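Residue numbers (my numbering), protein chains in the order written: chain H, 526 to 780; chain Z, -1 to 404; chain G, 27 to 310.
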Amino acid sequence: MRWNKHIVFAFGMVFLLLPIALLLMLAFATEWRFPDVLPAAYTLDHAKLAFSGGRGIMSPLILSLGIGALVSITCVALALFVSRMIALHPKRNLLLFIAYLPFVLSPVIYAACVNYYFVLFGWSGTFMGICIAQSILIFPYNVILFQSHWNNSMEAYGQLSATLGAGKWQTWRYVWLPMSKQMVLIALFQSFIVSWFEFGLTNFIGAGKVQTLTIRVYQYIGEANIYLAAFSSLILILPPLVLLWINKKFVLRNY
Amino acid sequence: MRTLLVIVSVLAVLSSCKQDKAPAISDSEVLALPWDSIVAHAKGTTVHLSMWQGDPFINAYLQDYVVPQLEQLYDINLVISAGQGNEIVKMVMAEKEAGVKSGNMDMAWINGETFFQLRQVNGLFGPFTDKLPNAQFVDFDNPFIGIDFQQKIDGYESPWGNVQLALIYDTLKTPNPPKDLGELSAFVQAHPGQFTIPYEFTGLTLLKSWLIALAGGGDALSGPFNEEAYMKYSAMLWDSINAMKPYFWKEGKTFPNSVANMHQMFANGEIAITISNNDGEVDNKVIQKLFPTSSRSYVMRSGTIQNSHYMGILINAPNKPGAMVVANFLMSAEAQYEKMKPAVWGDGTILNLKTLSPEWQQKFATIPDRTYAPKRIDIQPYALMEIAPEYMIRMFDDFRTEVIEK
Amino acid sequence: MKNKQTHILLAVFIAITVLPILAGFIYAALSAFGLAGYLGNGFTWMYWQQAFDMQVLPAIGFYSLAITCVVLFLATIFGMFVVLYFKEKTQSGVLSYLLYLPMAIPLIAAASLTLHFLGNAGLLARFAYMLNLIESPGDFPDMVQDKWSIGIVITHTIIAAAYFSILFSAIFKQNAIQAYMDAAHTLGAGKKQVVRKIVLPLVLNKALPSIILYGVFIFGSYEVPMLLGQQEPQMISVSIAQKFTRYNLADVPVAYALASMYTIVVVGVLFILYKKGKLIHEVE
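Below you can see the structure in the form of structure tokens.
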């Protein structure tokens, strides 16, 4: 029985780690054709190319980081306040139902429908346009994420602080914000990851001009540039891995 | 109510950020300027080019050669974005509908069907080609260059390259590749699962070549779109493809959606034949070490389509002078020469070499020969003219309903 | 004071969440009626008619639904298995980290990895060749871009299973389900009985909203079926996106008609589930 468990466990581990191993091999392989089980040779060329000049991933990487940071900070900050309003709102459930819609609708179809407005307002193909487009997914996501946070005990603390003479602002500053620290951190991480991976809206609204790392990877895959695609995928999954690890290690409640 | 007011004001603030200035200089003014002034206007500006980015070598030519050259020669910052023909048309349509005077893109790499649609929606700026100094060296009299999908280009797009559709095979695995539809039928039955057609521009060019062959070859389908002829010959084409379909790759249940993927499959030996719009591409891919050195390209006995690809400037381009300078540079002897090298791209030139200076003629004559592709002069007799764009637009839909969904 | 704040916050919520969906839907519907879009010239039912005539909606809708159900079913079983089999190990230790791994891989990269593993010239095929099981890539059974959509299902299932494992594990811990199980055991219930009568109902009931929403997400997924699917049938997002990028410009309004229908169906179904109380739990 115990042996069995170890075998299943090992099998599971290999299964989960195998994709990363394959990515690593592809990223540094060259001339890896059927029927070779291992690459004919290894090279750093793809890595060098990826970090050189116009065809590389350097500027998409910086752009993705910038968009991710800006969108997650803005959306989390807004959602923190809005989510409390909704938690106390008589129509809470209906509002929450609405908040679910943006990220269950297919982003490619959603993008085709809202594209006209982005063109109309001059946001198409701009940094701000992408930030706005991603916010219409990530903001409601955070509103939902924060719902369980505004429970009875949070309200009780709020009332207590009000009874003790604190104003609304003081209650936020000294009671609710400190109590929300962990939740905010989790929300920031998750928002960043959603932004980092977002493809459908970003691709459409970006009009080919705003190229995030995810879009660049998609392009490499499209031109069957498999090694460069693998190398950039590796870079692409690095931040989420680190964030998820931090998330799990230091700040996890019950996600 | 108050909620509504806040929303409206938020929107007002957001939309005030938009910058839609019409270009400082009007279209007619640009076209009236002498070339020197156009170059002066273009200096220090950014030009946005939208193009198909499906080939690493083509992308490298643009990024590693064209971009630095433009920077150095004209102080122009060329920014390249991904966008294919129909995406560009739809973008221009959306911008026109929204009344955007200053669009996202300045210029685009286009083919006949995109040219047709952009002209339909009045999406192209021009006529501008006669303003470009390098236009004098372009072989406009060549019908494969001066006429695009049966349409006169009328100065609304500047030629960039000229290619002929070719099939690529491995001489070791396939000593006798099929040379016409009949042979193909026998070939796929003998080698099931090793042939397919990409469901995109290149694949459609192959299908059009066969359509012309079925109609009697040569200029059987030239002139404006002919509904009757299309119905008749396309039915024959779908019939013969459907008869072969069970022997196609994945039993013809699905087709690859890019030539890049087909090239990968060919390299892995998954399919026996891949195709390219560019007769010279096989050299390029062997040099890239993607294809084995036993690869060769050939054209069908019944002929394959030869066409040109072009640069168009969009009607709402914010930077028309810049786009004109870029278009002019792309037609220059040096840019065309670099592009034609098999190790760079191997794209055919649109220049009339006889009009060039003896030095340049010499240089073009000494471009390292294509090793794996047939000589251009040998396949020229098998070159077919492009047919009217409606054929392709119809075939794209009909291939889905008549072949894929059958 | 309080009222004003609520109004502002509500306005922010509506502006970011409700407005884009509503505006997008209105534009799509108007385009489909020929009232918007550059080529729109006056009211017509034609495009809706065409969208219905094509009967694509039932076909791709059914296909997308089938894929979604299979993935949810497999992922639920898998997630349940992981939680019941490894119990605490899903909360801490190596496994708890590894379970997060699939979620750090974007769908597009996951799909392309599946191609590299299961494709006809993929890693598995190469091992098969090494073992003399096949002679050429064509001999290897189709697992991507295949009739049975194996590639799509596998890719989605792996990611969903990891997510469900984490979800179930959290529900397990939060609701002290182990205690119920122990109690049932003491009272003489068999292993299977405990799982069927206690664990499944308890966990699934709690997880249902998340499972439904994940299902809607798979239903509309794009990147995975785009790379790993066949051209016929296609999943709904791929099919509609493909109609948007056709060469024939007259197809654009038809694509908008389909997009409108998709939106109505998804929002409608979710609304019914919401009304039935299956989507949002009351605050405890």
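C-beta atoms are modelled at their ideal positions from N, C-alpha and C, and glycine is treated no differently.
These numbers were taken from a predicted model, which means no experiment stands behind them.
| message | Among Z:295, Z:37, Z:73, Z:108, whose alpha-carbon lies nearest the alpha-carbon of residue 85 (chain Z)? | response | To locate residue 85 (chain Z), count along the second sequence from 1; it is residue 87. Among Z:295, Z:37, Z:73, Z:108, the Cα nearest to that of residue 85 (chain Z) is on Z:108.
Practice task
Indicate whether at least one CB of chain G lies closer than 8 Å to the CB of residue 272 (chain Z).
Solution key: In the second sequence, residue 272 (chain Z) corresponds to position 274, counting from 1. No, residue 272 (chain Z) lies away from the interface with chain G (no Cβ there is under 8 Å from its Cβ).
ask   = Measuring CA to CA, which of Z:66, Z:296, Z:25, Z:67 is closest to residue 379 (chain Z)?
value = Taking the first residue of the second sequence as position 1, residue 379 (chain Z) is located at position 381. With distances taken between Cα atoms, residue 379 (chain Z) lies closest to Z:296.
- Run down chain Z in chain order and give the residues with a C-beta less than 7 Å from the C-beta of residue 748 (chain H). Walking along the first sequence from the start, residue 748 (chain H) turns up at place 223. By Cβ distance, chain Z contributes 51, 52, 53, 54, 258.
May I ask you to report which of helix, strand or coil DSSP gives residue 381 (chain Z)? The residue given as residue 381 (chain Z) occupies position 383 in the second sequence. In this structure, DSSP gives residue 381 (chain Z) an extended state, which the three-state scheme calls strand.
**Prompt:** How long is the line joining the alpha carbons of residue 780 (chain H) and residue 670 (chain H), rounded to whole angstroms?
**Reply:** In the first sequence, residue 780 (chain H) corresponds to position 255, counting from 1. In the first sequence, residue 670 (chain H) corresponds to position 145, counting from 1. In this prediction, residue 780 (chain H) has a pLDDT of 41, which is less than 50 and means its spatial position is unreliable; what the coordinates show is noted afterwards. If you draw a straight line from the Cα of residue 780 (chain H) to the Cα of residue 670 (chain H), it comes to about 10 Å.
- CB-CB under 8 Å to residue 330 (chain Z), same chain, minus the five flanking residues each way: which ones, in chain order? Position 332 of the second sequence, counted from the start, is the residue given in the question as residue 330 (chain Z). Closer than 8 Å at Cβ, skipping near neighbours: 132.
Residue from G:124, G:158, G:70 whose Cα sits closest to the Cα of residue 184 (chain G): By one-based count along the third sequence, residue 184 (chain G) stands at place 158. Minimum Cα distance to residue 184 (chain G) is reached at G:124.
- [ ] Compare the C-beta of residue 129 (chain G) with all C-beta atoms of chain H and state if any pair is closer than 8 Å.
- [x] Translated into the one-based positions of the third sequence, residue 129 (chain G) becomes position 103. So, interface residue.
Assign residue 789 (chain H) to buried or exposed, taking buried as 16 or more other Cβ atoms, counted over all protein chains shown, within 10 Å of its Cβ.
-> Since the first residue shown for chain H is 526 and the last is 780, residue 789 (chain H) is missing from the structure and cannot be characterised.
Which residues of chain H have a Cβ atom closer than 8 Å to the Cβ of residue 43 (chain G), listed in chain order? Translated into the one-based positions of the third sequence, residue 43 (chain G) becomes position 17. Simply 623, 624, 626, 627, 661, 664, 665, 668.
Note the first and the last residue of the continuous alpha helix (DSSP H) segment covering residue 325 (chain Z). Reading the second sequence from its first residue, position 327 is the one you call residue 325 (chain Z). For residue 325 (chain Z), the uninterrupted alpha helix (DSSP H) segment begins and ends at 318 to 328.
- According to a CB-to-CB cut-off of less than 8 Å, which residues of the region 289 to 305 of chain G neighbour chain H? 289, 292, 293, 296, 297, 300, 305
task: Please report how far the alpha carbon of residue 88 (chain G) lies from the alpha carbon of residue 718 (chain H), in whole angstroms.
output: As a first step, residue 88 (chain G) is located in the third sequence; it is residue number 62 there, counting from the start. As a first step, residue 718 (chain H) is located in the first sequence; it is residue number 193 there, counting from the start. Rounded to the nearest angstrom, the gap between the Cα atoms of residue 88 (chain G) and residue 718 (chain H) is 31 Å.
Note to self: When you compare the CB positions of residue 327 (chain Z) and residue 270 (chain Z), do they come within less than 8 Å of one another, or not?
What the structure shows: Counting from one through the second sequence, the residue named residue 327 (chain Z) turns up at place 329. Counting from one through the second sequence, the residue named residue 270 (chain Z) turns up at place 272. It is not a contact, given that the beta carbons lie outside the stated cut-off.
Nonlocal neighbours in the same chain, by C-beta distance under 7 Å from residue 170 (chain G), ignoring five residues either side: Numbered from 1 along the third sequence, position 144 holds the residue referred to as residue 170 (chain G). So the list reads 140, 141, 144, 145, 177, 254, once near-sequence residues are dropped.
8 Å Cβ cutoff, residue 272 (chain G) in contact with chain H: What you label residue 272 (chain G) is simply residue 246 of the third sequence in a count that begins at 1. Answer no: the Cβ-Cβ gap between residue 272 (chain G) and chain H never drops below 8 Å.
| DSSP three-state call for residue 167 (chain Z): helix, strand or coil? | The residue labelled residue 167 (chain Z) in the question sits at position 169 within the second sequence. Here residue 167 (chain Z) sits in strand by DSSP.
Min CB distance residue 99 (chain Z) to chain G below 8 Å:
Walking along the second sequence from the start, residue 99 (chain Z) turns up at place 101. So, not an interface residue.
Measuring straight from C-alpha to C-alpha, what distance separates residue 258 (chain G) and residue 248 (chain Z)? Along the third sequence, one-based indexing puts residue 258 (chain G) at 232. Along the second sequence, one-based indexing puts residue 248 (chain Z) at 250. So the two alpha carbons sit approximately 12 Å from each other.
Would you identify the three-state DSSP class for residue 255 (chain Z), choosing helix, strand or coil?
Your numbering for residue 255 (chain Z) matches position 257 in the second sequence. Three-state result, residue 255 (chain Z): coil.
| task | Have a look at Z:372, Z:69, Z:46 and flag the residue whose alpha-carbon is nearest the alpha-carbon of residue 167 (chain Z). | result | Counted from its first residue, the second sequence places residue 167 (chain Z) at position 169. Closest option to residue 167 (chain Z), Cα to Cα, is Z:372.
Hey, does residue 103 (chain Z) have any beta-carbon neighbour from chain G nearer than 8 Å?
Along the second sequence, read from residue 1 onward, the residue named residue 103 (chain Z) stands at position 105. Chain G contact via Cβ: absent.
Taking the alpha-carbon positions, what's the residue 684 (chain H) to residue 700 (chain H) distance?
Within the first sequence, residue 684 (chain H) is the residue found at index 159, counting from 1. Within the first sequence, residue 700 (chain H) is the residue found at index 175, counting from 1. Their Cα atoms are separated by approximately 10 Å.
Does the count of Cβ pairs from the region 35 to 51 of chain Z and the region 98 to 107 of chain Z closer than 8 Å reach three? yes
Does the region 390 to 397 of chain Z come into contact with the region 214 to 233 of chain Z, if we say contact requires no fewer than three beta-carbon pairs (one atom in each stretch) closer than 8 Å?
yes
Task: chain B contact residues for residue 534 (chain H), given Cβ-Cβ distances below 8 Å - done: Chain labels in this structure do not include chain B; the protein chains are H, Z and G.
- Which partner residues does residue 45 (chain Z) have in the DSSP bridge list? Locating residue 45 (chain Z) in the second sequence gives position 47, counting from the first residue. According to DSSP, which records beta bridges pairwise, residue 45 (chain Z) is partnered with Z:76.
Checklist entry - Between which two residues does the beta strand (DSSP E) harbouring residue 294 (chain Z) extend? => result On the second sequence, position 296 is the one that residue 294 (chain Z) refers to. Following the DSSP letters along the chain, one finds residue 294 (chain Z) inside the beta strand (DSSP E) bounded by residues 293 to 296.
query: What do you get for residue 300 (chain G), buried or exposed, if any count of 16 or more other CB atoms within 10 angstroms of its CB means buried?
result: As a working mapping, residue 300 (chain G) is identified with position 274 in the third sequence. Residue 300 (chain G) should be labelled buried.
Original post:
Do residue 305 (chain G) and residue 238 (chain G) have their C-beta atoms within less than 8 Å of each other?
Top reply: Here residue 305 (chain G) refers to the residue found at position 279 of the third sequence. Here residue 238 (chain G) refers to the residue found at position 212 of the third sequence. For residue 305 (chain G) and residue 238 (chain G), yes; Cβs fall inside 8 Å.
Examine the Cβ distances between the region 117 to 125 of chain Z and the region 311 to 328 of chain Z and report whether three or more of them are shorter than 8 Å.
-> Contact holds: three or more Cβ-Cβ distances are below 8 Å.
#### Entry: Neighbouring residues, chain G, relative to residue 541 (chain H) (Cβ below 8 Å)
Counted from its first residue, the first sequence places residue 541 (chain H) at position 16. Under the 8 Å cutoff, chain G gives 124, 125, 127, 128, 188.
- Message: Could you check whether the Cβ of residue 384 (chain Z) sits closer than 8 Å to any Cβ belonging to chain G?
- Response: Along the second sequence, read from residue 1 onward, the residue named residue 384 (chain Z) stands at position 386. For residue 384 (chain Z), the answer is no, since every Cβ of chain G falls outside 8 Å of its Cβ.
message: Suppose you measure from the CA of residue 778 (chain H) to the CA of residue 168 (chain G); what does that come to, to the nearest Å?
response: Position 253 of the first sequence, counting from 1, holds the residue named residue 778 (chain H). Position 142 of the third sequence, counting from 1, holds the residue named residue 168 (chain G). Only weak support exists for where residue 778 (chain H) lies, its pLDDT of 49 falling under 50; the value from the coordinates is given anyway. Cα to Cα, residue 778 (chain H) sits roughly 43 Å from residue 168 (chain G).
So, for residue 387 (chain Z): in the same chain, excluding its five sequence neighbours on each side, which residues have a beta-carbon less than 6 Å away from its beta-carbon? Stepping through the second sequence from its first residue, residue 387 (chain Z) is reached at position 389. If you ignore the 5 residues before and after residue 387 (chain Z), its C-beta comes within less than 6 Å of the C-beta of 110, 111, 114, 147, all in its own chain and listed in chain order.
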